Every structure is written in C-alpha cells, then in structure tokens.
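Chains as they are written, first to last, in this note's numbering: chain A, 106 to 1098; chain B, 25 to 198; chain C, 15 to 430; chain D, 3 to 118.
These notes concern the structure reproduced below.
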Amino acid sequence: MSAINNNCKYISKKQVKITFDGNTYQAYEGDTIASALLRNNIRLVGRSFKYHRPRGIYTCGIEEPNALVQIISEHNEPNTRATIKRVYDGMEITSQNRWPSLRYDFGAINNILSPIFSAGFYYKTFMGPKGFWKNLYEPLIRRSAGLGKPPKNFRSKSTHQYHNTDVVIIGAGLSGLAAAKKFINTKYKVLLIEQDSYLGGVLKNSNKVKTINGLTPQEWISETEESILNSKNITILKNTLVTTYNFTNHLIALEDKFAGKKIDLNKSELTLHKIRTSNTIIANGHIERFISFRNNDLPGVMLASSFEKYIHRYGVVPEKEPVIFTNNSSSLSLLKTLINLGCKPKAYVDSRKKDNIETEIKKILKDKEIPFFSDAEIEGCDGNKKVETITIRQGKSFDKIKSSMLCVSGGYNPDIHLFTQSKGLVKWDKNILSFKPDTPFQKTITLGSTSGNYSFKKLCDEINEKLSIFKTKKVSLDINLNVPNKFSIKELWETKIKNKSNWAKSFIDLHNDVTTKDLKQAITEGFDRIEHLKRYTTNSMGTDQGKISSINSLAIVSKILKKEISEVGTTTYRPPYAPLSFAAIAGRSTYEFYDPERKTSIHSWHLKNNAVFEDVGQWKRPWYFKASENETMHQAVQRESKTLRENAGILDGSTLGKIEIKGRDALEFMNLMYTNAFSKMKPMTSRYAMMLGEDGMIKDDGIICKISDQHFIATTTSSGAPKVLADMEEYLQTEWPHLQVYLNSITEQFSTFNISGPKTREIMMRVFPDIDFSNDAFPFMTFKNFDYKETKIRIMRASFTGELGYEIYISPKFGLELWEEIFSCGKEFNLIPYGTETMHLLRAEKGYIVIGQETDGTVTPIDLNYNWMIGKNKKDFIGKRSLSRPDTSRADRKQLVGLSPINKKDIIEEGQHIVELNELPKKITDPIKYLGHVSSGYHSPNLNHSIGLAMIRGGKNLLGQKFFVTATGKTKNIPVEIVNPVFIDPENKRLTS
Amino acid sequence: MTNILSIPGVKVSQKDYHQIIIRGNGLEKFNNIIEEKTSIKPPSKNLEVKFDLNYLFAKNSFDQWSLILTEKKEHHHILNLVSSINTNENMLASDYSYGQVYFEIEGENKDYFLNQLTHFDLREEKFPKSTMAQTVLARIECSIYNLGNKYIITCNKSFEDYFQQRLKDTASLN
Amino acid sequence: MKKKYSIASIVKNSLSNNENWGKMWRSPNPKKHYDVIIVGGGGHGLGTAYYLAKHHGIKNIAVIEKGWLGSGNTGRNTTIIRSNYLWDESAYLYDHAVKLWENLSEDLNYNMMFSQRGVLNLAHNEHDIKEIKRRVSANRLNGLDTMWLDKNEIKDLVPIMNTDNLRYPVLGAAYQPRGGVARHDAVAWGYAMRADELGVDIIQNCEVKGIKTDNYKVEGVETTKGFIKSSKIGVVASGHTSVLAATAGVRLPLQSRPLQALVSEPIKPVINTVVMSNAVHAYVSQSDKGELVIGAGTDGYNSFTQRGGYDVIEETVRAIVELYPIFGKMKMLRQWGGIVDICPDASPIISKCDVEGLYFNCGWGTGGFKATPGSANVFAHTIAKDEPHKINAPFDLSRFSEGRLIDEHGAAAVAH
Amino acid sequence: MILIKCPYCGERDQSEFANGGEAHVIRPKNPESLSDKDWGEYVFYRNNPKGIFYERWVHTHGCKKWFNAVRNTSTDQILKVYKVNEKRPDLSEFQNTLKSPSGEPSVGSGNFAVKK
Ligand SMILES: Cc1cc2nc3c(=O)[nH]c(=O)nc-3n(C[C@H](O)[C@H](O)[C@H](O)COP(=O)(O)OP(=O)(O)OC[C@H]3O[C@@H](n4cnc5c(N)ncnc54)[C@H](O)[C@@H]3O)c2cc1C
Ligand SMILES: NC(=O)c1ccc[n+]([C@@H]2O[C@H](COP(=O)([O-])OP(=O)(O)OC[C@H]3O[C@@H](n4cnc5c(N)ncnc54)[C@H](O)[C@@H]3O)[C@@H](O)[C@H]2O)c1
Ligand SMILES: Cc1cc2nc3c(=O)[nH]c(=O)nc-3n(C[C@H](O)[C@H](O)[C@H](O)COP(=O)(O)O)c2cc1C
Ligand SMILES: [Zn+2]
C-alpha cells in the first residue's frame, strides 16, 4: 500500500526536487529526507553496518539508527540522519554501505555468513599465517565496515556564539513552553532552545492532546510563542540541538542556520552556541523504544510514535494499513489518528492482558472491526527487503498477517542523556519501566516526560512546584486528551523466536547489527558487566548511541543475569547527545584564524623586500631575504652571513621578550631569578644572563640591562617571553611577596633592531650624528638613552654575531621610519637585512648557544662551560641546589664542544650523533653506543667548511680527539675533530673593536 | 580614527590613544603622586574606570592601573610623565602608547557581536558601566573598558591585523 | 592452552547458535592469602600477572580490580603504539614492548588486532624539524625503524592531509612503520583469559581501600571484599596509584589529570596511518570499525572525574579540521576522558620502594598503552626477583633525588 | 568547564586560568642545607589526593594574579577560593561537602549514574 498525504500546517506546499541514488523525487519544502522518501514510497534506504542487511526508516527524529545517508550535494557529507536533515531543491542524496547498488549489495554475503560473525569473532581468528592480518584480513574488515564514504574538502564558516544567562530551557515541547511562559516579563534572562523548526514537541508531533486551555494545540503553541517573543527577556533558538551539558552549567547547542536551504559557503551554516547559565531546565521529552523480535530490522518496521509524527508533523501517512504492536497505552492516539484519516490498521497487537487495555482502545477496535490480539506479541516478520508478512503469537497459536508496515511501541524512556551528562543520578522507575532523573548534581531541573512524569494532567503542578524557586507567577494548563491520562505498560523487551535457527536474528542494536543472541553469547563468555558487554558486542556504540534500544538491552541482560536492572546499571552517557559537526566545534578559529599571527612594526618592509618568514611561536619572523627570485635559502644565508662579517647587517629583533623590573628589592629579586650576580654590576651596563628551573636545567637566557639597583630591563627569547614573565610574577606573588618589585611586559612597546658587522659604527654615526659611538664613550655591554625626533630611543652595545654590534630600541610607532633611515644611511656600506637563519649561523660560528637547540631541558650552564655565569657566592638562586645533585654534578655529562670535519668537504648534519665507529652496519640490530648529538650544524661561509656544535659525554676532556658523525642515509660516517666551540674570533677582538 | 566596520547595530572604529601602565601599592602616597603628576585621582576600587573626554583611568587589579589618554600628545610628553612617575622607588610606570591598539565598539548589538568572539559575560550586572576587565577575545588577551554606550578594547599591537580581520569576518557572517 | 580459538572453533560454535562458548575467566571469591597481589586490572596489571605465572612459576596470584577489566585507561586510550622515543632508556623499554606486541596475538591465541600501519609525527616548524631529525638519528643507532619523511612522502601516505595551506604547514615527519594501533580492550581480555588459565584469580568489582604495612613491610590489602594477605604487592593503578601509595605511607611524584579523546562517526577507510602532531595539536587514526579515533590534550588540573573541559576538545577539533579539510564534514560521536598519572619527566616509574614487598608500575601518563606487554614483562621480573630487569632499572624512584631524569618532554609534548 | 571565581576579577571561565598545582608548598629557605632526597621531594613531589585538594590557580589571561582554591578532585567542585596571603582553611570546613551525589564512580565508570 502506498503513502498518502495528510493536510499539515508545518509543511509548505512549495515543491522541491531531490535525487536519491540517482532518481529524482518530488518533495515539499520543510520535508526531511525521510518524510520525502516516505512520501515517494521509498522504504529501503541503506544497508546495515555488519551484515549489510536492507534497512529502512525506523524513526522520525534524532534517535534514528538506520536511515543514514550521504549528501552528495554537501561535500559528500556521510552518515546524515535522513530523519532530521531537511531537503531543498537540488539536494543530491545516496544510500550508504552497499556495492554495487542498494538493492543488490555484494556485502550481503555477510548476512549469510552471520552465524560465524558472532560477537567478538574477530578476536578468535585471523591470527595467522604471518602477514595475512596486515595484508588481507584487516583491509577486508576495514573496507566492509565503516558506513558512509569519506567526505570531500570543506572549509566551513560556521561561527560560535557565547551566551551568559540565568535560565536555559532545553526543549520547547509542552513542558518547555509552559515553563517559558512562567518567565515572560520577569527579570530572568532566558534561552529557550528547540531542535525542531517548530515549537510544540508532542503537541505538534502527535494527536495526544485535544485542547489546552480551550485552544487547539496548534493555537496554543502560536499564542504561547507570540507571548514569549513579545517578552524581551526570553530568546528562542530554533533548529538548535543541545548536545552537551558540561560542568558548572555550561551547555553546547548547535544551530542549523541552513535547515532546508542550500548552503551558502560564504555564510555561517552552523552556529555553535556556548552557553553558561545559572539554571538549566531540561524539558527535552522522551524517546520511544522498540521491542526485539525476529527481523525487527526489516524496512517497514517503524516506531509507532514516529509513524504518528510523520502524519502530524510532515503530513505524510507512510502506510494506510499498518499493523500496530504495543505494550503500553500510548498507541491509542495513533489508532485514533488513522481512523480519523479513514485508514484502518491491519491488526492491533497488544502484549497487555485484555483487562488492562483501555476500554477506549477496545471500543475502537471493535467498532472498526480491526483484528485485535491482546496478551499477544509479534514473533517476527518476513519479506524480501521489506516487511511482507507479520507473525503474531497469541498464547500457543500463530497468525500470519500481510502488511508492509509494522508500528512498534515498547514504551517510553525519559530522555535522560543530558541529565546524566550533567552528572545527575538516575533511578529505575517500575511504573514506567525506565530510568528517570533522581538527584541533580548541578542546578538542574527536569520537567515533563524527561522527569518521568507521563501524566499530562500532573504537568502543570510539576512545573509550578519545581519552578517555585524562581520569582514567577503560576501557570495554568487545562489539558483535554486523546489518550488515557494514566500511563500503563507491560514489561516486554524481546519476543521468543518460534523456530530456532542459526540465522534467526532479533536485533538489539540496529546500528551496529547487534542481536540479542550476541548479548547472550557475551554473557556466556564472561562479559557479565554491562560496560564489558557493550565493548565486546559494540551494543549502543553506534551513531545513535542506542537511543531507542539501550534500556532494552539492560533489561534483557538483567534477566539473563537474574539481577535488578538498577544493579546492572547503565553504561555511561557521554557528550554529545547526537553527533556534532567538527566544523561547528572548530568554528572560525581555524583555517585563516587557526592561530593569530603576530607581526612586528617592520613587517610590511620585510614583505616588500622578499623576506621568507619563519614561525616562531605566533610571531612571523624573517627567516632570510631573497636577493633575487632564484636565490635558494642556502645561497641567501651564505650571502647574508658573509656580507655581515665583511660589512654590516641588521635584524628585526622586535620579537624578543622585554620585561621592565622595578622596585626597592629589584636587585635581590634578579639575583634570585638568574644564575648571574648583579650586585657588582654598574648602572647602565648590561650582561648576558641565564635562568634555570628548580631542577637546575636551563630555561631561558637574555641580556639584563641594569639602570639602577632598583630598576632593570630584561630581555628574553622570543618564544620564552610569556613564560619568563609569568615565572617572575609567580615567584614574586607566591614565594617572595615580601620583595617590593613590580614587573611590566614591554615587549610590544619597542621595536628592536640588532645591527652588527665591522661597518656598523660608521653607519650608526650617520644615523645618529650626535651620538659618540667610540669605544671609550660607548663600550661593549653598556647602554644609553637618547632623544630621537619626537621620541626617545635606547641603544645598547651588544652582539649575538660576534661582530661589533648595537641594539636599538624604539617605540613601534617610529620603528619603520628609523629602520628605513638606517638603510638609507647604510646603503653605501653595503648594509643588508638578515633573518633568523643567518643569525643562527653567525652565533654558531661564535660558539654562542640557542635555547632549545643546544639546550633541551636536560642541560645545565655547567654543561655549556658557562660556569662564569653562575654567581657562586650567591646563597641561593632558582635551580642552584639542583646543580649539586649526584647526576647533575657528574663529570661525564653531555657537554658543549665544537666539531670540525677532518675532510673539509664533509657536511656535519644537525641532529646526527657522534660515534666511535667510522662505519655503521647496514641494518642495526644491537644498539650502537654514541657520545652525543650535533646540536647545531652549518656551513660556515667565513671558514668555508662545515662546522658543528655538539653535546657529548665528557666533552670537555675530549678536545683534539677524533670521532665520527653519522650521516643521513649513509653507513659511512664523517670523521671529525672535537674542537673549542668558538670558531671565530676567540679573543673577542671583533666584538670589542 | 579609522572605521573598521559598520553593520546594523554595531560600529567599530580604531583610535589613536596613549597609555601608561602603572604598578604600585595604591596607598595614599601612591595616590598623591599620581594625582600630582596627572592631575587625576586614580580610581581606588578594583576594576573601576574613571573617564571623561580626555582620559580613561582604570584600576586593573590591586596593584595595577592603566591610564589611557585619548587626546593626541607629543610622545615626549608621555615619556616624561612616565619617567617622572618612575623617580619614585616603589612605582613602576611603563609607556604603552604605541605597543597597543585601541578599538571603540558601539551600537545596540555590541554585546551580541562581541559574544561571537568572547565568552566574557557582558551583562550589565556582571560588567557594569565604568568598570574594566582583562579577558580573552578572539583568542587573544584584551582589556575591555565599559563606558556605558560603548566599549574600548585594547590589545597588543602585534595582533592588530589579525584582530581587525577577525572583527570584519565576524561582521561579514552576521 | 585450554581454550583454543580458531576459525574452526568459530564455525563449530556457530552451529550450536553460539551458545556454548566457555567463560573466558572465572569469577572467584578472593582467597585469604596470595603470594602476589596485583592491584589494578588494566593491561599492565593483567599482563604482569600473566608473566608472573608463565615465566616465573608463581601460581598463587590475584589481580584485584575495583571496576571491570580494562575500565581504566586501557579501555579509554587512543591505542597508539610506537617506540621511537628519544632517550636510549625509553627506546629500549618501548621497543621491548613493540617486539612483544608483534607476537602477542599468537602468544595469547587472542587477536589483539595489532595493526602495524605506521606512525607519523609531524613537524610544523624549524624547531620540530630539528627535534625530529635528532630523534630519527638516535633511533637508528638504537636499531629502531624510524625515518624522516619529506612533505611529498607524507602526502603519499596520507593524501587527505593539508600540508601547505595552513597556519603551520607540514614540513616533514618522523615515520615508524612498525608502529600502529591495537584493539585496546582485547589486550585486557586476552591477558585475563590466559592468566586465569594459569591459575591467577581475577577479582573484579573489588576495590583496594588500603595497603597494610608493618615496619616498612607489606602485609596485605584491605578491600571491599575483606582483608587479603600477601607479602608482595604490585600496584598498577594508573591515575589512582598515588592514592593507593599514600595508604602505605609512600609518596610518589605523580599528578593525576584527565586526558580526553573522542571518536567520529564511522566511515570507509580514509587514513591508513597513525598521524600525530604536537604543534597543530591532534592525534588521529582510523579504527577497523571506521571511526576516527582522536586524541586530545591533558587538562591543566588534577582531577579524578574522567571528564575534562570542553575547551580541550575544541582545541583538538580545530587542529583536526585544519590538518584534514575533509573532516570538516565529519561529526563527533562521543568524547570521554581517562585519568592519567603524570610524572615530572614524562617517563614511567617501574620500581621498588622503601616498603619491602611493595612495587609500583605507574607514571605512564598519556602514553603507556603502547608499553603494555613490555612493562608487564619487566614488572613481573621485578616482583619475582625483587630486583629490576635491566630494561626498567633506570626507571626507578631514586632518579628524582639524583637528578637522573629521563626527560621525554622535549621529544613529545604529549607522548601518546 | 569549571567556572572559577578570581578573587580580583570575579567569575570567569576556566580557560582563562592556569593551574599551579598543590598550594602551600613553601620553597625551602636554605636549599643548600637539604639532602638530595629532600630537595628532590621539594622539586618533584606534590600531593595528589582524590578528594579535597588545596591548590593554586593563576588568572593568566586576566589579571595574572595567583590565588588558592580548595577543590574536590573527585567532582571538580570548587569549595573555596582565597588569596595567597590568607590562611589555609581547615579541612573540617569541607568534610561534609564530600558527600556529593556523584563524582567519580566507585565502581568503574558504568554504574555511577544509577541510584540503587
Ligand atoms: C584518552 C587517553 C588516550 C591515550 N592514548 C594513548 C595512546 O595512544 N598510546 C599509548 O601508548 N597510551 C595512551 N594512553 C595511556 C594509556 O592508556 C595508559 O598509560 C595505559 O593504558 C595504562 O594501563 P594500566 O594498565 O597501567 O592502567 P589502567 O588501564 O588504568 O588500569 C588500572 C586499573 O586499576 C584499577 N584501580 C584503580 N584503583 C584501584 C583500587 N583502589 N583497587 C582496585 N583497582 C584499582 C582501575 O580501575 C584500572 O582498571 C592514553 C590514555 C588516555 C586516557
Ligand atoms: N500518556 C502518554 O502517552 C505520554 C507518554 C509520554 C509523555 N507524555 C506526556 O507528554 C508530555 C511531553 O512533553 P515534554 O515537553 O516533556 O516533551 P515534548 O516531546 O513535548 O518536548 C520535547 C521537546 O524537546 C526537544 N528536544 C529534545 N531534545 C532536545 C535537545 N537535545 N536540544 C533541543 N531540543 C530538544 C524536542 O524536539 C521536543 O520539541 C508530558 O506532559 C508528558 O507527561 C505522555
Ligand atoms: C579506540 C576507541 C574506540 C572507540 N570507539 C567507539 C565507538 O565507535 N563508539 C562509541 O560509542 N564509543 C567508542 N569508544 C568510546 C567508548 O564508548 C567509551 O566512551 C570509552 O571507552 C570510555 O569509557 P566511558 O565512556 O564508559 O567512561 C571508543 C573508545 C576507544 C578507546
Ligand atoms: Zn583575575
């Protein structure tokens, strides 16, 4: 029998075209894929996960385990629930997990083999012969699992929206709306969140309610919505699904802004709402559960309330003559709906005893002469890719009925997912046969069916009572029903199979193809804890997380184990409530905004002058400058290095961390923070200094400028800057609050230029004609402040290249101007800009270390021969005590040395190791002893050969000895001599010239 | 002043201001010195912002103040002010004029707009007029000054391009 | 082996409706006394019991587990296995494990689905490159199969990766072909089954409340099922180890923190290699079932809640879509956390302590799954012989007073 | 996502803060006089209780001030926040707060949500 259309206000009359597996269908705007397919009599929509069984549409909402499709027109989005995704004109959809086609799927062979594909079969086989797992079995398993095909590249512009609010109401169904009504025009800021595009929940999805306060449900919804919208303090978010309930009332909700529309890639198609609220009201209803029987997965089996929802919410009657199978009182409204539409169920099967079945049901069945089976159940159904015959067991007798649809209701579960995410405790309720919220952990209130209140009549009292903590007025709801007010249910989770067969299957998890037999087998094997059982059988681990079935499995297991369900317990509910888009989680802080780029005030100049940039933390730093289009990095660095040593070069060092330190006790503080002693240091001089962790290992270095005993300026490495400042603050605030010292980061307040090379003095004299740069007036490691145009600058004599050098500090506003001025003055002296790579090369020639390169968190200053930097007479400084531990004071620790190749053509590679062998075996089986590693390796243009710095065991005593350095991809090692790490100007003549 | 963006309910412009960060104990002597040098009494309540047309003086925490001067001044003037404060042993003043950038955001939707970039609770009762907050906006550290009808937001200059782009991007997706 | 699994046993059982599979392990009541008690029924604990029984002939052993087998981090990790650690001590330890992994399924006759699909560690900046190249060279000398791959080679392995058009481009990677993933729960189950077969009592649902000592000697454990005597106690309780140690008056340099992970919905195979990145912080592999298994970072505070902050998830997912633009269209199915025990040097502790008969195997932090067989193997040796195996000797407690740390921070900010 | 009340700025999202581990660990006045073992303990050992924990936080992305908090590590509930120079609150203040309805499960992760 085919579907018919029902008149429905929630669906527009506007027609759209969609394609499914290549065929075009007519649908209405507002349809979901599922309602559209049902409207077109399509019931087979996919193949199952493991056995590739034909599957149809099982539900009408987020709980769908079966009807997952791929949206080709949206970058191949896989595993989309057909039951919630709204169609638009031109939408292209395919089914999943089948080959070559949905009807004829090769993978269905798995169904034939299913008896051996029992729970956990893969743990018991595929173990040999060697290599077969990797090359045959695993690829096979992987290919046959997995559902949808991979999507295509997709750069989303989905956004985030934060909220801080007093109350969030999750779910705008009957209870959510009634609750919201209470907050109208109050001082509370309220967010009302509804996943559907219409408010009303059960009111619009079913025929359960006749009138509210004398209005039809539809009228009541509109009236309520309007009064909420008129109230300034309440915001309604539609098409928005709450997925996550974190600690301290932090919620995540996903809004689909393009529901039913074709996505515009330049807009945000999804908004992730991140909400912090003082109170959360959960009113997100209930989820109907199924019943396990033989072939309960055949296309055509559908949950009863979902069937009803298709009629009311989407205006499609999937089938005129379905069979109804229920164990509770709620299916009355479906029955009435069908009758009203002139349809007539083929049979009504109720597992309850006749006496317990509501008279109204019995009356209708009788009046309409509908075959009625009480105290009966569905044994199973059969058919080729769809339900064809349905077998009913009543006592000892069996009846077969022909129908293509079977509506099942196994009762309702309060939708406790979000409540348990919030860490609230749930409790088994014998009356509704389900778990319901008990003790909240946070400020959480549950209302309506979520709270296990299945009585419409008691709803009003519940709301008024639970919300009495708020200063609000009472609401009143006078509800007239189409269903019995008293909910009655008979326990039924699984029906018995008539003919035992190895192939007979009653499913407990439709998504992961888990059968009730699998549960039993797992328990037989010892997996008698619910969490074990879950992992062994994969029950409730699918995309639906067992929304319609997990409680059933607990019940079945508890029966086998002869335990109470509350003893068996639930598995842990984890976020998200339903699968949550990665693009939405990422929001805009990815792609071009993945991490902010920090730029110096000279950045534009660097760009213009062909700088190639390096990422240093968030900073963009010139790595090297291309002199011509074809210049390679190696050529550029060699050129820069040579030119600097011959003439002059300038580096944008603005990224260096700078900290201003001031106060009565600044000197004492500095003496504690750094290894160096600052007491005897003269004002307006500077010093290279080192900072350790309490473990004695080098953490950072920098130059300290002493203005006075009460005032210092420290520089730090570019990436270490925040950490150094934070550490200083930490010690000041927590360990030494008695010290009067204040700190300010001034990193950003200065552009810093490092200019060095033999011609530097001449250039500086041109730029600053009024300043005396002579050695006497301006010796090495001193600094001075000068007026410069409308600002002040600080110049320090220092160098990291080993050449005569100055560092200039200027306010960033004037930085670029000065930089350009220096270039115009430096032109005739061949001044070049250089980048970090050249800086690293030059300092290596000079034997200076770089934090993070020579050091790796395991190096002390002593290891670097920097004993002179340690204030031996200081009683204490951070890390001092650690330097005398047995291991840190060992003589054979790794120490800094230089490496020089014996054959000057050989290249010493950074990261390689120093060994005693001149050759390595092709395949290394036993570890080869090594002395240490090359921490820096460069080709020195000034020495014209490769050089290295290395950290090697007992290195200080190995000067002059010959060893070998390994080389990438080669067995032959490079002979090297251990040398002093200072390759250029060991007497510091250039530095002090 | 540069216009950054203007959409219904939100207007953002960039400003050229001066700023001095002052650290100290906030006791009477401190207050007197500050008042003497700047002729403004420093705010004494934590997070309080005093402002008029020419300045914005905020207490960022118990030992830190930021003084923003909205009038255009010679840099020397600022630097001299800084060094004169620094003559006092137990105070530290640092010039923050050009190492920071300043954005003014106004319009009735400014909260909604900003809350696309920050979790910070802008509700009147949590963030009253004439207070300031140091927080995170668009993944970077910022200070926000609430002047009632508008906010002033400052961040490090190195983030200027990034921050402008983020603001414009947010507006374009609104 | 009594229970022999094979395709034949599967077919045979399928014919009887799979109703006759025997129990994989017994559920005994605890005896009054055991020769050795292992506290913690994770992979390491169960493995230790197995090796004690198998290699050291000790028969009277109990594993005491407060929840169910593998309910700790064994059951909640991203299952990455590799041995390409920087320092020799670590490389020996982890490679000892990888070698055992290679035969574990056969050894236990239980398929752990150890999948040697290779592990990539990406470099995104100059510093990463230097660190990785150094590690590749050190690994080579230690006989490991780590190699340096350039961008094109990475692209070949993982075509879906965006290597260029991102904030921190992919500049190269370390690649260890022998690395991979395994089916985490099966590790616990396989060890449990075989240990049980060798007579080990596996006692689930029994929490150790305290370790009883007398004059620096262990006497037994106080449990929710009563006092159980033993003169040797091995504590392998990951996040809870320091809590247990405290009951014996022992202090350990451990901090317990949530580490989170998440899975996507399942799709057909797209990524055949395990990819790890520190700078663009995300770890991803695809399970045999098809879901992407993604590792996030540790939360920045101590907690036992097995649930961390949402911000950590967001950070990870940002990185995932940045690196793999096709995943923008994927969805997160489930997120969870485990409580990891973090050591100051990011290396484990497998050590005796001041209390006689009390042994610890802990501090595995974010990366101990890969070590399971190796760690269990040397820990069994340590307990049986009352002295460390030469592989775990460096991982003792005295390293913290001597300064002999095995600092793996530099090498892998998060050592999954 | 914990909400933390900075004593100087008010309630802020946890992402603005960094945790500084155990509180009230005082740096030894005279490190040189400590044995290697004691010094090692100071540098590397911190308490790690499941339950009441005295810990330090710093408002890194805000005012950058340090403060102390008492938190139940089995539920993440913050029970008290106090300034660095304030006295360590007595444990007895928090004894009865430990009986939270939830927290980390006593048996595995599965059953904690169910009230018996
Ligand atoms: C999210 C996440 C991702 C990870 N990813 C990786 C990865 O990719 N690769 C990798 O190598 N490692 C990874 N790890 C780390 C790895 O999971 C662990 O190091 C490893 O599993 C530890 O095993 P275990 O047996 O020592 O501990 P566990 O498996 O935690 O076992 C300890 C057991 O002790 C029990 N126990 C605790 N207290 C008591 C008590 N008082 N009485 C009785 N029993 C008790 C617990 O219930 C638990 O079952 C990850 C961890 C997490 C959380
Ligand atoms: N007698 C019966 O047959 C029977 C059975 C069950 C319930 N009831 C009654 O039905 C009424 C149900 O009302 P209700 O308000 O509790 O449920 P409802 O179904 O009317 O409303 C729940 C709403 O929450 C929305 N929602 C669900 N999860 C969401 C999420 N994560 N994020 C955002 N929105 C979400 C749904 O779309 C729905 O609109 C109650 O009065 C109850 O007593 C009666
Ligand atoms: C490698 C791995 C893969 C997983 N795959 C799935 C999955 O496909 N579906 C699912 O629901 N959960 C999956 N999980 C998560 C578990 O369901 C569970 O959340 C996790 O083991 C933590 O336990 P808990 O949530 O019960 O505390 C997986 C976990 C791991 C470690
Ligand atoms: Zn603060």
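We treat Cβ as the ideally placed atom computed from N, Cα and C, and that holds for glycine.
Note that the coordinates shown come from a computational prediction; the quantities given were computed from them, not determined experimentally.
Between the alpha carbons of Thr345 of chain A and Glu416 of chain C lies a distance of about 57 Å. Excluding residues up to 5 positions away in sequence, Gln124, Tyr126, Ser167 lie with their Cβ nearer than 6 Å to the Cβ of Thr178 of chain B in the same chain. Shortest gap from the CB of Gly1074 of chain A to any heavy atom of ligand 2: 7 Å or more. The beta strand (DSSP E) runs lying completely inside the stretch 163-198 of chain A and spanning 3 residues or more are 173-176, 182-186, given in chain order. Of the residues assessed, Leu136 of chain C falls on the buried side of the cut-off, its CB having 16 or more other CB atoms within 10 angstroms. For Glu211 of chain C, the enclosing alpha helix (DSSP H) has its first and last residue at 198-211. The beta carbon of Leu91 of chain B lies closer than 6 Å to those of Ile44, Phe81 in the same chain, with the five residues before and after it left out.
When DSSP states are grouped into helix, strand and coil, Tyr130 of chain A belongs to the strand group.
Taking a beta-carbon distance threshold of 8 Å, His99 of chain B does not count as an interface residue toward chain D. For Trp378 of chain C, the shortest separation between its Cβ and any heavy atom of ligand 3 does not lie below 7 Å. Within chain D, no residue has its beta carbon less than 7 Å from that of Leu141 of chain B; the closest one is some 14 Å off.
Counted as a single uninterrupted DSSP element, the beta strand (DSSP E) harbouring Asn351 of chain A occupies residues 345-351.
A straight-line Cα-Cα distance of about 31 Å links His816 of chain A and His945 of chain A.
Taking 8 Å as the CB threshold, Tyr914 of chain A stays off the interface with chain C. 8 Å or more divides the Cβ of Tyr419 of chain A from the Cβ of Ile665 of chain A.
Phe982 of chain A is positioned such that its CB atom lies closer than 8 Å to that of Leu777 of chain A. Taking 8 Å as the threshold, the shortest C-beta distance from Asp38 of chain D to chain C falls below it.
By a beta-carbon distance limit of 8 Å, Leu615 of chain A contacts Tyr163 of chain A. Their separation comes to about 7 Å. Around the beta carbon of Asn32 of chain D, a 10 Å sphere encloses fewer than 16 other beta carbons of the protein chains shown; the residue is thus reported as exposed.
Contact between the stretch 150-166 of chain A and the stretch 623-637 of chain A is absent: fewer than three C-beta pairs spanning the two stretches fall below 8 Å. When secondary structure is reduced to three states using DSSP, Leu1004 of chain A falls in the strand class. Identification of chain A residues near Arg29 of chain D by a Cβ-Cβ cut-off of 7 Å yields Glu840, ordered along the chain.
Counting along the chain, Asn375 of chain C sits inside the beta strand (DSSP E) bounded by residues 372-376. Look at Arg247 of chain A: its beta carbon is at least 7 Å from all of the heavy atoms in ligand 3. For Trp325 of chain A, the closest alpha carbon among the candidates A:Lys894, A:Met974, A:Tyr682, A:Asn585 is that of A:Asn585. The straight-line gap separating the alpha-carbon atoms of Thr1097 of chain A and Thr906 of chain A is approximately 12 Å. Distance from the Cα of Gly553 of chain A is smallest, within the candidate group A:Thr1030, A:Asn657, A:Ile392, A:Leu969, for A:Ile392. Distances taken from the Cβ of Asn351 of chain A to the heavy atoms of ligand 3 include none shorter than 7 Å. C-alpha of Lys951 of chain A to C-alpha of Gly957 of chain A: approximately 17 Å in a straight line. In the three-state reduction of the DSSP assignment, Trp41 of chain D falls in the helix class, which pools H, G and I.
If you draw a straight line from the Cα of Cys357 of chain C to the Cα of Gly251 of chain A, it comes to about 38 Å.
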